[in-house]
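Following: one structure in structure tokens, then a few remarks.
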Amino acid sequence: MRPDKPLSALQFSIYRNYRIVHGLRIAIAFIITFLLVRLLSIPEGTWPLITLVVVMGPVSSWGNVFPRALQRISGTLFGSVSGLIALWLELYSLPLMLLWCALVMFICGFLTLGKHPYMALLIGITLGVICGGQSGDFIPALWRAGDVILGSLLALLFTLIWPQKAYLHWRIQLSDALLETAKIYHAGFSANLVEQPRLARPLQRLLAKIVKMRALLEPASKETRIPRSVFEAIQTLNRNLVCTLELQLSAWWSSRQSLLIMLNAPTLRQHQQMTEKTLRALSAALITGKPEDLAASGEELATIALELRLLIAESEGDARVESAIHGYVWLSLEMVRQLERLSDLVRLALRK
């Protein structure tokens with residue numbers, strides 16, 4: 487997929503209501519699979535239905551379903567072979583069969599704590615399903631294994647039809663987070679306020695949304711082949727940006743005297759306007775897929791950063807007031823650095 491492809495109005499609407507779309511997809515897939523099982527009179531027909539729900543249910547994006555289905559097929563194949571071997575061994579020696587099952591379950595438990603826990607878990611589940619049948623009854627065991635593989639393939643097929651992409655979810659949610667950050671920034675540093683606004687809850691909700699975005703990083707990386715480290719760096723900067731904003735608000739409203747001085751500083755007002763503009767530009771670039779405007783914002787922020795450093799060097803006065811001003815200006819410089827780095831990473835994530 488093209489990482490820089492702009493989001494259409496239809497895509498935007500679908501991804502905004504992805505839970506409804508996901509529910510409809512599973513419902514349609516279940517009905518079609520049920521009719522297929524009935525019309526073809528497939529033995530052990532409950533297993534394709536169960537597998538379909540298990541593979542498609544917990545996740546909605548292609549970057550999650552594809553590796554999940556592959557792990558299920560791999561785990562089912564290994565578990566089926568292990569189960570058939572166990573049924574064959576039972577014909578000759580029950581202790582030997584139990585020893586074999588113990589060995590397979592040991593491998594299952596060992597691999598469950600590794601890189602592919604879902605596949606390892608399915609090895610043990612499939613072994614239990616096959617061994618749970620009658621002694622020496624191979625035909626139902628083979629049908630169960632085949633039905634599970636059929637259910638996994640059907641889940642892949644239905645997910646492939648107009649698939650949802652974790653990368654697009656990530657773009658929309660990151661755009662929302664940056665836009666919300668810009669709104670909180672505007673509300674917190676408005677020159678028309680005489681008292682500090684109550685922004686603790688909006689900041690907490692914003693941080694909670696950013697933390698939830700972490701679940702999209704791995705599948706988004708798989709879909710686009712962009713290194714996960716890029717998404718991790720953006721995630722970290724996005725979180726740090728909100729924390730810096732919270733500290734900035736505390737420094738801005740720490741005392742009335744320092745507030746009046748900073749309100750009359752043209753450089754700080756220019757910095758605030760530029761910061762909000764950059765946040766909104768980043769938010770828009772993630773939707774349009776066009777990060778060209780971010781370069782100009784970065785140049786303006788670099789110029790303002792030099793003026794902020796001069797402001798630190800020139801500020802004098804009461805120790806408490808001077809401390810508040812220095813703290814706010816230092817945090818402003820830190821936010822400039824974070825925005826410049828975030829702009830570079832967003833351009834990298836939207837590369838053609």
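Residue numbers (my numbering): 487 to 838.
Even glycine gets a Cβ: it sits at the ideal position worked out from N, Cα and C.
Cβ contact check for the region 626 to 635 and the region 649 to 656: 3 or more pairs under 8 Å: Contact between the region 626 to 635 and the region 649 to 656 is absent: fewer than 3 CB-CB pairs across the two stretches fall below 8 Å.
Quick check on DSSP: helix, strand or coil for Trp574? The answer is helix: DSSP assigns Trp574 an H, G or I state.
Report yes if the CB atom of Ala641 is closer than 8 Å to the CB atom of Val541, and no otherwise. Yes, Cβ-Cβ distance for Ala641 and Val541 is below 8 Å.
Inter-residue spacing [alpha-carbon to alpha-carbon] between Ser715 and Leu526: One Cα belongs to Ser715, the other to Leu526, and the distance between them is close to 47 Å.
Candidates Arg827, Phe717, Pro705 and Arg687: which alpha carbon is nearest Leu765's? Of the candidates Arg827, Phe717, Pro705 and Arg687, the residue whose Cα lies closest to the Cα of Leu765 is Arg827.
Report yes if the C-beta distance between Glu732 and Tyr671 is below 8 Å; otherwise report no. It is not a contact, given that the beta carbons lie outside the stated cut-off.
Tell me which residues share the same chain as Ile773 and place their Cβ nearer than 6 Å to its Cβ, disregarding the 5 neighbours each side in the sequence. These residues qualify, in order along the chain: Leu493 and Ser661.
Of the choices Leu556, Tyr501, Glu530 and Leu664, whose alpha-carbon is the least far from that of Pro603? When C-alpha distances from Pro603 are compared across Leu556, Tyr501, Glu530 and Leu664, the shortest belongs to Leu556.
In this structure, does DSSP put Val507 in helix, strand or coil? Looking at Val507 - three-state DSSP - the assignment turns out to be helix.
By DSSP, does Ser715 sit in helix, in strand, or in coil? Annotated three-state conformation of Ser715 is helix, per DSSP.
Compare the Cα-Cα distances from Glu530 to each of Thr710, Gly600 and Gly637 and report the closest residue. Comparing Cα-Cα distances from Glu530 to each of Thr710, Gly600 and Gly637, the minimum goes to Gly637.
For Ser527, the three-state DSSP class (helix, strand or coil): Shown here, Ser527 sits in coil according to DSSP, grouped into three states, outside any helix or strand.
In angstroms, rounded to a whole number, what distance separates the CA positions of Leu510 and Ser566? Put simply, the backbone Cα of Leu510 is about 32 Å away from that of Ser566.
Grab the span of the alpha helix (DSSP H) containing Gly600 for me, first residue to last. First-last for Gly600: undefined, no H or E at that position.
Proximity winner among Leu573, Leu646 and Leu643, relative to Gly614 (alpha-carbon distances): A check of alpha carbon separations from Gly614 across Leu573, Leu646 and Leu643 identifies Leu573 as the nearest.
Nearest by alpha-carbon distance to Glu704: which of Ile528, Pro553 and Ile500 is it? Checked all of Ile528, Pro553 and Ile500; the closest Cα to Glu704 is Pro553.
Whole alpha helix (DSSP H) runs in the region 631 to 698 with 4 or more residues, listed along the chain? Here the runs fully enclosed are 652 to 674 and 686 to 698.
Cutting at 6 Å between CB atoms, please list the residues of its own chain near Val507, excluding the five before and the five after it. For Val507, where only same-chain residues beyond five positions count, the Cβ hits under 6 Å are Ile500.
Take Ile559 and list the residues in its own chain whose beta-carbon comes closer than 6 Å to its own, dropping the five residues that flank it on each side. When the five nearest sequence neighbours on each side are left out, the beta carbons in the same chain lying within less than 6 Å of the beta carbon of Ile559 are those of Ile635 and Ser638, in order along the chain.
Selected residue, minimal CA-CA separation from Ser769, among Phe520, Leu538, Ala719 and Trp656: For the residues Phe520, Leu538, Ala719 and Trp656, the minimum Cα distance to Ser769 belongs to Trp656.
Minimum C-alpha distance to Arg684 - residue among Arg823, Leu831, Leu735 and Leu746: Each of Arg823, Leu831, Leu735 and Leu746 was checked against the Cα of Arg684, and the nearest Cα belongs to Leu735.
On a Cα-Cα basis, can you pick out the residue from Gln758, Leu643, Ala588 and Phe675 that is closest to Cys617? It is Ala588 whose Cα lies nearest to the Cα of Cys617.
Throw me the rounded Cβ distance for the Ala719 and Leu831 pair, which I believe falls under 8 Å. The beta carbons of Ala719 and Leu831 sit about 6 Å from each other, so the pair counts as a contact at 8 Å.
What separation, rounded to the nearest whole angstrom, lies between the Cα atoms of Gln759 and Ile536? For Gln759 and Ile536, the distance between alpha carbons rounds to 55 Å.
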